[in-house]
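One structure below.
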Amino acid sequence: MALQGDMALIGDMLQFIGVFVSFSIAYVAFRGVRHTESSSLLRLATAFVFLGFGFLVEAIVGLGQVVPSFSLSETTVVVGGLLLETTGYFFLAFSHAVDVMLSKRMGAALLVFPVISLSGTQMADVLSFFAFYFVMYGVVETLYSYARTKKPDTLLIAMGLSLIGLGTFFQWLATLYQYVGVLTLLQIILQEMGLLMMFIPVLTFRSMGGVKQDGPI
Amino acid sequence: MAQYRTQVRIIADVLSTARDMNTEGEGVGVTALLRKGNMSYTRMSKLLSELVGSGLLLELSGDKISKYMISEKGIQFLAHYYAFEDFAQSFGLRL
Numbered sequence: 255m256a257l258q259g260d261m262a263l264i265g266d267m268l269q270f271i272g273v274f275v276s277f278s279i280a281y282v283a284f285r286g287v288r289h290t291e292s293s294s295l296l297r298l299a300t301a302f303v304f305l306g307f308g309f310l311v312e313a314i315v316g317l318g319q320v321v322p323s324f325s326l327s328e329t330t331v332v333v334g335g336l337l338l339e340t341t342g343y344f345f346l347a348f349s350h351a352v353d354v355m356l357s358k359r360m361g362a363a364l365l366v367f368p369v370i371s372l373s374g375t376q377m378a379d380v381l382s383f384f385a386f387y388f389v390m391y392g393v394v395e396t397l398y399s400y401a402r403t404k405k406p407d408t409l410l411i412a413m414g415l416s417l418i419g420l421g422t423f424f425q426w427l428a429t430l431y432q433y434v435g436v437l438t439l440l441q442i443i444l445q446e447m448g449l450l451m452m453f454i455p456v457l458t459f460r461s462m463g464g465v466k467q468d469g470p471i
Numbered sequence: 007m008a009q010y011r012t013q014v015r016i017i018a019d020v021l022s023t024a025r026d027m028n029t030e031g032e033g034v035g036v037t038a039l040l041r042k043g044n045m046s047y048t049r050m051s052k053l054l055s056e057l058v059g060s061g062l063l064l065e066l067s068g069d070k071i072s073k074y075m076i077s078e079k080g081i082q083f084l085a086h087y088y089a090f091e092d093f094a095q096s097f098g099l100r101l
């Protein structure tokens, strides 16, 4: 998305924070998979790998606008980045969906958000819309989990996801009204704030000593 | 509401029972593990063999019955399990 001057630079720096946070979460989740062979953690790790690469692509596209010699075919790459990001959000929502099926609950939360007609919209609009839908589904399920466990970190994740959801909503608006650069910056700021909140479980995990040995037991 | 238990959750339950009920250091019998583990004798026997084989449990053979005690490796496994369970729960997920 088109940002100009200093705003573009700030946006890019923030995108790289998103890359770091996403890959950090994916790393801890993958270690969890190796230790526990948990499919939930595998889906979580997959989600954040996709998100990390999605943010990376967007940051590189942004960098291409700041550094002239770094030019890329923007539309294709932006759609590619959005596709990665949306896939990441899909896996994040899918983790909850599987959890719902395992506990034999109905995925009523899926019905909370009405499916609207998408005909005539562009690919980027569609992807941003789906990203928003998946994130909001994740928010509902995470809040449901919080109601069950009363774990403060779960509430933080729900709040983080809400900010990301709001960010993806602005991203959607930004794809519709491409001349509004502020919307894109606002989207990145909200998204990064949300991701930083999601980084807290990684910090908690580290402060508890993490896991010293790698590999299955 | 009944919840589906994954294999790793069942292993963690058996190991934590073997750890918590071993108050006198003489190990825990199959009956106690069955009571807490909520599974059939056949399934429990198979699981115990696997856990002893992988070094997570120690088998203390008595005159008539075997008793089980959690090993150092089992204690490490539980610590890792709880750390990752906490991490997954933060994201609203179950292991």
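If you read the protein sequences in the order shown, they are chains E and U. For the first sequence, this note's numbering gives the first residue as 255, with consecutive numbering after it. For the second sequence, this note's numbering gives the first residue as 7, with consecutive numbering after it. Ideal Cβ placement from N, Cα and C applies to all residues, glycine included. A quick note: this is a predicted structure, and the numbers were derived from the prediction, not measured.
Kindly indicate if chain E contains any beta-carbon less than 9 Å away from that of residue i.
i: Thr12/U; result: yes
i: Leu64/U; result: no
i: Leu101/U; result: yes
i: Gly35/U; result: no
i: Tyr87/U; result: yes
i: Gln95/U; result: yes
i: Asp26/U; result: no
i: Asp19/U; result: no
i: Gly68/U; result: no
i: Gly98/U; result: yes
Hey, would you say residue i sits closer than 9 Å to residue j, going by beta carbons?
i: Trp426/E; j: Phe383/E; result: yes
i: Leu417/E; j: Val275/E; result: no
i: Thr458/E; j: Phe93/U; result: yes
i: Leu305/E; j: Gly265/E; result: no
i: Leu298/E; j: Ala313/E; result: no
i: Tyr391/E; j: Gly98/U; result: no
i: Ile16/U; j: Phe83/U; result: no
i: Tyr87/U; j: His289/E; result: yes
i: Lys52/U; j: Asp19/U; result: no
i: Ala24/U; j: Gly31/U; result: no
i: Val315/E; j: Gly335/E; result: yes
i: Thr307/E; j: Leu338/E; result: The amino acid at residue 307/E is misidentified as Thr; the sequence shows Phe. Contact flag set, yes.
i: Ser278/E; j: Leu101/U; result: no
i: Thr221/E; j: Phe345/E; result: This structure leaves residue 221/E out entirely; chain E is present only between 255 and 471.
i: Asn28/U; j: Ile71/U; result: no
i: Gly80/U; j: Leu63/U; result: yes
i: Met451/E; j: Leu410/E; result: yes
i: Val331/E; j: Met377/E; result: no
i: Ser96/U; j: Ile443/E; result: no
i: Thr340/E; j: Leu381/E; result: yes
Would you say residue i faces chain U, with C-beta separation under 9 Å as the test?
i: Thr290/E; result: yes
i: Glu395/E; result: yes
i: Ile411/E; result: yes
i: Gly334/E; result: no
i: Leu449/E; result: no
i: Tyr343/E; result: no
i: Phe459/E; result: yes
i: Thr408/E; result: yes
i: Ile418/E; result: no
i: Ala283/E; result: yes
i: Met452/E; result: yes
i: Gly316/E; result: no
i: Tyr387/E; result: no
i: Ser278/E; result: no
i: Leu298/E; result: yes
i: Tyr391/E; result: no
i: Leu295/E; result: yes
i: Ser382/E; result: no
i: Thr340/E; result: no
i: Met360/E; result: Confidence is the limiting factor: at Met360/E the pLDDT is only 44, short of 50, which leaves the residue's position unreliable, though a coordinate-based value still follows. By this cut-off, Met360/E is not an interface position.
i: Gly286/E; result: yes
i: Val456/E; result: yes
To which residues does DSSP link residue i through a beta bridge?
i: Gly35/U; result: Lys73/U
i: Ser67/U; result: Ser72/U
Does the beta-carbon of residue i have 16 or more other beta-carbons within 10 angstroms, so that it is buried, or is it exposed?
i: Ser373/E; result: Here the model assigns Ser373/E a pLDDT of 39, short of 50, so the residue's position is not dependable, and the following value carries that caveat. Exposed, because fewer than 16 other Cβ atoms sit within 10 Å of the Cβ of Ser373/E.
i: Ser461/E; result: exposed
i: Arg49/U; result: exposed
Would the beta-carbon of residue i be found less than 8 Å away from any heavy atom of the ligand ZN?
i: Ser278/E; result: Absence of the ligand ZN from the depicted structure is noted, as is the absence of any ligand whatsoever, leaving it without description.
Output the boundary residues of the alpha helix (DSSP H) element that contains residue i.
i: Gly98/U; result: Careful: Gly98/U lies outside any alpha helix (DSSP H) and carries neither H nor E.
i: Met377/E; result: Met377 to Thr403
i: Gly59/U; result: Tyr47 to Gly59
i: Phe453/E; result: Note, Phe453/E: premise wrong, no alpha helix (DSSP H); not H, not E.
i: Arg25/U; result: Gln13 to Asp26
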